[in-house]
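Working notes, beginning with the structure itself.
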Amino acid sequence: MEIIKRLYGEVTTALEELDALLSYVFGQLERAGNIYTLVVRWVFPILSLFIFIRCLVPLLHKGKRGGAWGYLRMENGTTFPLVHWENSIGRGKLSDIRIELPVISRNHAVLTYSNGMWKIFDLGSGGGALVNGKKVEKSEVLGEDDEISLAGVKLTLLPASQDSACPEIPQRSGFDRVAGLGRHINTGSTLLLIMLFQLLGGLQLCFSMGDKAIAAPPAAVLVFIIVEAIYFILSDRHGGKYLELEMMAFFLCGLSLFIVGSAAPVTVFKQLVSIIIGIIGFSVFKGLMRNLNNARKLRYVLAVLAIGLLVANLIVGEYRYGAKNWIDLGFISFQPSEFVKVAFVLAGAATLDKLLTAKNMTKFIIFSGICVCSLVLMRDLGTALIFFIAFLVIAFMRSGDIKTIAIICGGAILGAAVAVFTMPYIAARFAAWGRVWEYADTSGYQQTRTMIYAASGGLLGVGAGNGYFVGIPAADTDLVFGLLCEEWGLIVGVTAVMIVLVIVIFAPLTVGRCRSSFYAVSACGAAAIFLIQSALNVFGSVDILPLTGVTLPFVSNGGSSMIASWCLLAFIKTADERRRPDLEDIIMEELDELTVTEGNDCETDA
Amino acid sequence: MKLMHRRAVSVLLLSAFFGAGLLVFLARYAMNSSTWAQYPVNKHIYSNGELIGAGTVYDRNGEILVQTSEGERQYHSHQITRIATMHAVGDLRGNVSTGVQRVFSRRLSGWDPLNGVYRYEDGGAAGMDITLTLDAELCARAYQALGNRKGAVGVFNYKTGDILCMVSSPSFDPQSPPDLEADPEKYEGVYLNRFLSVCYTPGSVFKLVTAAVAIENISDIEERIFHCDGEVLIDGVRVTCPMAHGDVTFEQSLAHSCNVSFAEITGELGARTLQKYVDDLGLNSAFKVSGIPTAAGKVDVSEAVGADLAWAGIGQYTDTVNPLNFMAFIGAIANGGKRVSPRLIAENRPFSEMFTSIHQIMPEATALRLKDMMRNNVISNYGEYNFSGLELCAKSGTGEVGGGKAPNAWFVGFLDRPDCPLAFAVIIENGGSGLGAAGPVAGEIMQEAVRIMG
């Protein structure tokens, strides 16, 4: 304890001396700083667009071909590869294994793989399912060479090692060609570019502070760059995983350090620590989720914790900016609703067999109801809306039932109308919406200032640390888009928003490759939360939506939000099953392409 | 998993809404970002509601009328010049709506879509500079000549349109504004540029308009002899002259400003003809002086008959004219009937003369005849010795305003000198006689103008 105290003391004095040095140096370098800003304000937008494209293209790439967990062979020799942990069998168009025979039901059965075991579930089909002539009541474990009979159609399960001929014909479209470029993009170089962006940005912050320079912001940026490097080295890149999701989050977190470094330099270390905790949380979640049984158990633990947190919040929480959504433990204060998001997404997830058999979601609906109601009671309407939309997405993913969703929506609108009439403060919040310029100095103050300063930045920005928007309340949280546009320019601001959008869109595009629908549902739930939260933040601050006061994922100043964002990203990451093709594969693929092209040439010659 | 893939479209659908929202924002940004950035609370451009981060405004000789130095807006070093050019340059808070700082705030603040408000090297002027056609020294002299009287003075080059002098009184020192509320009588309408934004009863200067119509519509006007007994009854209503002028020619009736003669001429012309000419001459139109709008005068004789019509032809009745607009009309007389639009911003771009707007508003012969008559006014009536060397052509006016107040004193005219092609308009509110009050002011300013141009 004594040692820590002494160490702390020494670090503090060292930092103070560093502050003095920096303030002297950068105070002297005013002219150099001006020239520096003149140059880098062009570099940042170009670099950010470059990073954006380098992250986007690999995400579109389908990854390595093949890789089946087993095969299902019909009597006539037709073989189906089992590419997921959960495979639906049926006559319907959306069945993973489609057997177009009239005796087979639309959703006949589900074949699952977990803990090295294959299981078959009968989905209450008309024709029924037999394993070795025995009727499957609910589910049955399958062994090798077991004979499955679905309404008389005979099928045999073959293990993955028997790489029976199942050639995949490469189908190439223009989109695939663009996406195919992704395999050449080196993630390491992308990370280097991100680090360069962050280094230049940190220096810009020093210059803009001039003789008021302190060590905290540049130090935080440097530490963060080291963290990024460590993550990259420790990451599963030899396993061939794509790391672009993390790269995009790193880029956004870098921006958040600059935002905090400009608006509230003394709290920049807090933000850094939050990012690091977030990255650790991300890695832990990713690890836990890999095992479906763990994930399912975790779900209940987190659900209970979440309700506990919300109840605690309602009892001991305190009001900040008109919402009672903070808990102050003395040494640390946090927003419980941010962590509940993680539990919420997990609570909604389900495996395909559950999803196709048990259609009721009573538990999930009750849990959602508790969450949304508590948030309304806390007067945190923005977060309540985020939960509600995420609920709709998850419910649709699980049931596919548009009718029920419509009924729920209708009920919610009715409830909202009642709430607006009975609680006048809600209506007051929306009074300025759409005409903030008429209330420019009262209820439209924050939105008008956001637009004024966003416009002041132009396309290139006035340079980090040179803005005036930081003086507006919540400039680095709810109105962070305005701060980005003022100091970094519209290009960087919109790129940051587009990065969030790409993370979101990636989720629905990748779920078709998921092993389990558990991951698919949670990825889409997390994506929905990112999406609605970003929409409320960005569009709320510029008066396209009412201003509700929520954070922009990965960018806004705020520890709880940052950690929760990383944990939510873990769900999308888990759903990403792609493997990077190694060099051999790339050469093979290119040879294929070459042959196709030559073939075409021959035809032309003839 | 295909099922999941299909249902995940719900997220894509929401993303599409997000994309649409982003497009809405970008469209609004493209259309409004300039207005947003100019909003007077933007600390990049304003401090305490005062414009700071803006470019320099120069006069025609490169004198700095206002600039930003050390983060503050600094006006000209001489107080009289500051006060005299206040309406043209504008105050710090943008209360003078026709001031250059208000009208050209976008250009001065230097905002552009690419760079926003960013400018290399902070602390100095961020924006672009503007050079005015004004001569600061002449403005100061004009303001002093007005004394404490309310009114306006304008001088412009009728060949190029450059406004050399534009002064409105009352004014104040924009560098340290006094308590305007304390003396509402003294500072009545202080934020109005009276030369651009106010219309006055013209009185006898309007006879120039009636005379122009008469030259073109009454073929034997030059042969006519009018008889003045000091008053005439039209439909039983009396139209009076200050004195009985006896038998006068057309030229003499203008020189003596004989109301009886002009009542007869107006009656002969008729309301419709007069109205058509007034509209064609542009006296009822609002001008744009380098983009700054002026107030439109109003001469409406559609309902006027008898004595009302006669008074309308003499510049009374309900007639009002805008000083700048009337000065441009005088310039057209001087310039062979071609009216050059007055301008306040010196355009340095190439071929700028091609963009100068010139209108032939009356035949050259009419303009020449009016010029001779105005020259005769000075020689035979106003006294050449009062305006020696100016080659002055002029007309005085005394606009009765009623209500027991002294009339508005007008003096308009131009120099018939190729080296100094200047036209002017002087108006002094409740100043009394046109020749007595406004005449000497005009004489002093024009002598100064000739000295400056020489």
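Chains as they are written, first to last, in numbering that gives the first Met the number 0: chain A, 0 to 605; chain B, 0 to 453.
Even glycine gets a Cβ: it sits at the ideal position worked out from N, Cα and C.
> Using a beta-carbon distance below 8 Å, is Y45 of chain B in contact with chain A?
Replying inline: Not closer than 8 Å to any Cβ of chain A, the Cβ of Y45 of chain B fails to qualify, so no.
> When Cβ atoms are compared, which residues of the stretch 93–104 of chain A fall closer than 9 Å to chain B?
Replying inline: L93, S94, D95 and R97
> Can you tell me the Cα-Cα spacing of T55 of chain B and V102 of chain B, whole angstroms?
Replying inline: 14 Å
> Which of the three DSSP states, helix, strand or coil, is assigned to C392 of chain B?
Replying inline: Residue state, collapsed to three classes: strand.
>> Taking 8 Å as the threshold (C-beta atoms), are V520 of chain A and A348 of chain A in contact?
In response: Yes, they are a contact pair.
> List, in order along the chain, the chain A residues whose C-beta lies closer than 7 Å to that of M30 of chain B?
Replying inline: Per Cβ cutoff of 7 Å: no residues; M30 of chain B is ~11 Å from chain A at best.
> Are any of the Cβ atoms in chain A nearer than 8 Å to that of H358 of chain B?
Replying inline: no
> For a contact meaning CB atoms closer than 9 Å, what does S516 of chain A contact in chain B?
Replying inline: M0, L2 and M3
> In whole angstroms, what is the alpha-carbon distance linking Y38 of chain B and N556 of chain A?
Replying inline: 27 Å
>> What would DSSP say about K353 of chain A, mapped onto helix, strand or coil?
In response: helix
>> Within the continuous alpha helix (DSSP H) that includes Y23 of chain A, where are the two ends?
In response: Judged by DSSP secondary structure, Y23 of chain A falls within the alpha helix (DSSP H) whose first and last residues are E1 to Q27.
> What is the residue span of the alpha helix (DSSP H) that N292 of chain A lies within?
Replying inline: First-last of the alpha helix (DSSP H) with N292 of chain A: L291 to V315.
> So which residues on chain B does Y467 of chain A lean against when the C-beta distance must stay under 9 Å?
Replying inline: N41, K42 and H43
> Under three-state DSSP, which class holds I562 of chain A?
Replying inline: helix
> Going along chain A in order, which residues have a C-beta closer than 9 Å to the C-beta of A181 of chain B?
Replying inline: Within chain A, no residue comes near A181 of chain B; the closest Cβ sits about 27 Å away, beyond 9 Å.
> If you check the beta carbons only, do G436 of chain B and A393 of chain B fall under 8 Å apart?
Replying inline: Note on residue identity: the sequence assigns Ala, not Gly, to residue 436 of chain B. Not in contact: A436 of chain B and A393 of chain B (Cβ atoms no closer than 8 Å).
>> With DSSP as the reference, identify every bridge partner of Y230 of chain A, one or two as the case may be.
In response: Y230 of chain A pairs with nothing; no bridge assigned.
>> Which residues in chain B have a C-beta closer than 7 Å to the C-beta of M450 of chain A? List them in chain order.
In response: Around M450 of chain A, the beta-carbon contacts reaching into chain B at under 7 Å are W35.
> Does the stretch 49–61 of chain A come within contact of the stretch 221–231 of chain A, defined as at least 3 CB pairs closer than 8 Å?
Replying inline: Contact between the stretch 49–61 of chain A and the stretch 221–231 of chain A is absent, with fewer than three C-beta pairs closer than 8 Å.
> Terminal residues of the continuous alpha helix (DSSP H) containing R368 of chain B?
Replying inline: E363 to N375
> From what residue to what residue does the beta strand (DSSP E) around R22 of chain B run?
Replying inline: Residue identity check: residue 22 of chain B is Leu in the sequence provided, not Arg. Run containing L22 of chain B: none in the beta strand (DSSP E); it sits in the alpha helix (DSSP H), V8 to Q37.
>> Quick check: what's the CA-CA separation for R289 of chain A versus D210 of chain A?
In response: 51 Å
> With which residues is E250 of chain B paired in a DSSP beta bridge?
Replying inline: Answer by DSSP bridge pairing: none, since E250 of chain B is not bridged.
> From K1 of chain B to D95 of chain A, what distance separates their C-alpha atoms?
Replying inline: 6 Å
> On the three-state DSSP scale, how would you describe T78 of chain A?
Replying inline: strand
> Should A124 of chain B be labelled buried (16 or more other beta-carbon atoms within 10 Å of its own) or exposed?
Replying inline: Since pLDDT at A124 of chain B reaches only 40, below the 50 mark, its modelled position is unreliable, and no value is offered.
>> For chain A, check one thing: does any of its Cβ atoms lie closer than 8 Å to the Cβ of R6 of chain B?
In response: Closer than 8 Å to some Cβ of chain A, the Cβ of R6 of chain B qualifies, so yes.
> Between A427 of chain A and V140 of chain A, what straight-line distance do the alpha-carbon atoms span, to the nearest angstrom?
Replying inline: One C-alpha to the other measures close to 60 Å.
> Using the beta-carbon count (16 or more within 10 Å), is V236 of chain B buried or exposed?
Replying inline: Exposed is the label assigned to V236 of chain B, since fewer than 16 other Cβ atoms lie within 10 Å of its Cβ.
> Would you call the stretch 358–371 of chain A and the stretch 527–535 of chain A touching, i.e. three or more CB-CB distances under 8 Å?
Replying inline: In this structure the stretch 358–371 of chain A does not touch the stretch 527–535 of chain A; the number of beta carbon pairs closer than 8 Å is below three.
> With a cut-off of 8 Å, do at least 3 Cβ pairs link the stretch 241–259 of chain B to the stretch 272–289 of chain B?
Replying inline: Segments in contact, no.
> Can you name the residues of chain A whose CB is closer than 7 Å to the CB of V116 of chain B?
Replying inline: Neighbours of V116 of chain B on chain A, chain order: S455 and V461.
> Can you tell me the Cα-Cα spacing of M208 of chain A and E29 of chain A, whole angstroms?
Replying inline: 10 Å
> Can at least three beta-carbon pairs, one atom from the stretch 139–159 of chain B and one from the stretch 67–85 of chain B, be found at a separation below 8 Å?
Replying inline: yes
>> Taking the beta strand (DSSP E) that K438 of chain A belongs to, which residues open and close that run?
In response: Reading the sequence as shown, one finds Tyr at residue 438 of chain A and not Lys. In the DSSP assignment, Y438 of chain A falls outside any beta strand (DSSP E), carrying neither H nor E.
> At a CB-CB cut-off below 7 Å, which residues of chain B make contact with S87 of chain A?
Replying inline: L2
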